[in-house]
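The block underneath contains the structure these notes are about, expressed in structure tokens.
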Amino acid sequence: NIDPEHLDHYKNFNGIRAAFRQFVENVPFYGFAVMCIDHPEVQSLIGQIEDRRIITYGMSPQADIRCVDIRVENRTTMFTVVIRDRQEGEARTIDGLMLSIPGEHNVLNATGAIAIAAHLGIPDDAIRTGLAGFGGVKRRFTLTGDWNGVDVFDDYGHHPVEIAAVLKAARSVTPGHVIAVVQPHRYTRLHDLFADFCSCFNDADTVLVAPVYPAGETPIEGVSGEALVDGLKARGHRDARSLPDRDQLASTIASIARPGDSVICLGAGSISQWANALPGELAKLNG
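Right under this line is the structure:
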């Protein structure tokens, strides 16, 4: 995907677009680029590349490598991939694919890897085995523990697109409520993407917003965790709250979480430490 991220380096979104185009155009003539046609920005870029081989993947019927029949059972995601040869006009399928992590974004990532593997001639059974044995990436929907039937997860998501994808995945595997705990990362990011942040938490029943993790930045007037809470409420979220002090996290979660709920700690700052400590802190509250 191509999203407005790292604007401190690229200056603006056009700078990011140019960087991706340059990257694809630098692929050697004997190579190929694997690109997700589902994303509008990526699809637009595909139309600008003239002299490089491109293999598309995604859920779109137009994809060369398409993931279909996606379903989730007990946090295991199962799906099928259809591989089409544009030149020969033929298609084949790889079924029985399984991932031990939830989320359509993870299925898309896996489909991109399958596109490369299939092009390199890796056997279908090896692809199935490789995916089934993949345990995920640290700090991406990582289970840190549980308390009274409440699961606690740590996730690096700190951009609105990432946050929305993670919460959608959490919703798909959580029988109870999804409780998001977010530590906004950088004042500039929250400022530049404020409207997106205010609309990316729809799959969370409750949102707890901590103070901004500055990452060395100087505070920006009017940009804060409290401002995000106000923005979420103004756009219709029914339960967004400020978490002014990290020490209040365990007691707050204990007061609202019930068996079957999931707590998702989101951010690129110190919140990973919170997520790993939270199950133990909750246990101590019970004495």
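Here the sequence shown is numbered in this note's numbering, starting from -1 and rising by one per residue.
Glycine included, C-beta positions come from ideal geometry on N, C-alpha and C.
Could you spell out the range, first to last residue, of the beta strand (DSSP E) harbouring residue i?
| i | result |
| --- | --- |
| alanine 61 | Taken as a continuous stretch (DSSP letters only), alanine 61 belongs to no beta strand (DSSP E), as it is neither H nor E. |
| phenylalanine 291 | For residue 291 there is no data in the structure shown, the boundaries of the chain being -1 and 285. |
| serine 260 | 260 to 264 |
| valine 79 | 74 to 83 |
| isoleucine 177 | 176 to 180 |
Going by DSSP in three states, residue i sits in which element: helix, strand or coil?
| i | result |
| --- | --- |
| alanine 252 | helix |
| valine 164 | helix |
| serine 338 | Residue 338 is absent from the model: the chain starts at -1 and stops at 285. |
| aspartate 203 | coil |
| glutamate 48 | coil |
| glycine 291 | Nothing about residue 291 can be reported from this structure: the residues present for the chain run from -1 to 285 only. |
| isoleucine 114 | helix |
| threonine 216 | coil |
| glutamate 88 | strand |
| serine 42 | helix |
| tyrosine 211 | strand |
| arginine 69 | strand |
| valine 135 | coil |
| arginine 236 | coil |
| threonine 54 | strand |
| aspartate 194 | helix |
| aspartate 286 | No answer is possible for residue 286: the residues shown for the chain start at -1 and end at 285. |
Is it buried or exposed for residue i, if we count other Cβ within 10 angstroms and need 16 for buried?
| i | result |
| --- | --- |
| alanine 124 | exposed |
| asparagine 104 | buried |
| glutamine 271 | exposed |
| aspartate 49 | exposed |
| valine 205 | buried |
| phenylalanine 27 | exposed |
| leucine 191 | buried |
| glutamine 181 | buried |
| alanine 167 | buried |
| valine 164 | buried |
| isoleucine 63 | buried |
| isoleucine 99 | buried |
| leucine 118 | exposed |
Below 8 Å on the Cβ atoms is my guess for residue i versus residue j; work out the distance and round it to an integer in Å.
| i | j | result |
| --- | --- | --- |
| serine 268 | tyrosine 211 | 6 Å |
| arginine 141 | aspartate 153 | According to the sequence as given, residue 141 is leucine; it is not arginine. Not a contact, Cβ separation roughly 10 Å. |
| leucine 95 | glycine 56 | Not a contact, Cβ separation roughly 15 Å. |
| threonine 75 | isoleucine 81 | Not confirmed; about 19 Å, so no contact. |
Less than 6 Å between C-beta atoms, sequence neighbours within five positions excluded: which residues of the same chain meet that for residue i?
| i | result |
| --- | --- |
| threonine 172 | Ser260 |
| isoleucine 47 | Val22 |
| histidine 157 | Glu3 |
Name the two residues that bound the continuous alpha helix (DSSP H) containing residue i.
| i | result |
| --- | --- |
| alanine 281 | 269 to 283 |
| isoleucine 14 | 11 to 23 |
| valine 227 | 223 to 232 |
| isoleucine 125 | 122 to 130 |
| arginine 187 | 185 to 190 |
| aspartate 6 | 5 to 8 |
Below 8 Å CB to CB, which residues in the same chain sit around residue i once its five sequence neighbours on both sides are set aside?
| i | result |
| --- | --- |
| asparagine -1 | Cys34, His37, Glu39, Val40, Val159 |
Step through the CB atoms of chain B and report whether any lies within less than 7 Å of the CB of residue i.
| i | result |
| --- | --- |
| glycine 94 | The structure shown contains no chain B, having only a single protein chain. |
Only counting the same chain, and skipping five residues up and downstream in sequence, which positions put a Cβ closer than 7 Å to that of residue i?
| i | result |
| --- | --- |
| alanine 108 | Leu97, Leu129 |
| aspartate 6 | Thr186 |
| alanine 281 | Trp145 |
| valine 176 | Leu165, Ala168, Arg169, Asp201, Ala202, Asp203, Ser260, Ile262 |
| arginine 137 | Asp152, Asp153, Tyr154, Ser270 |
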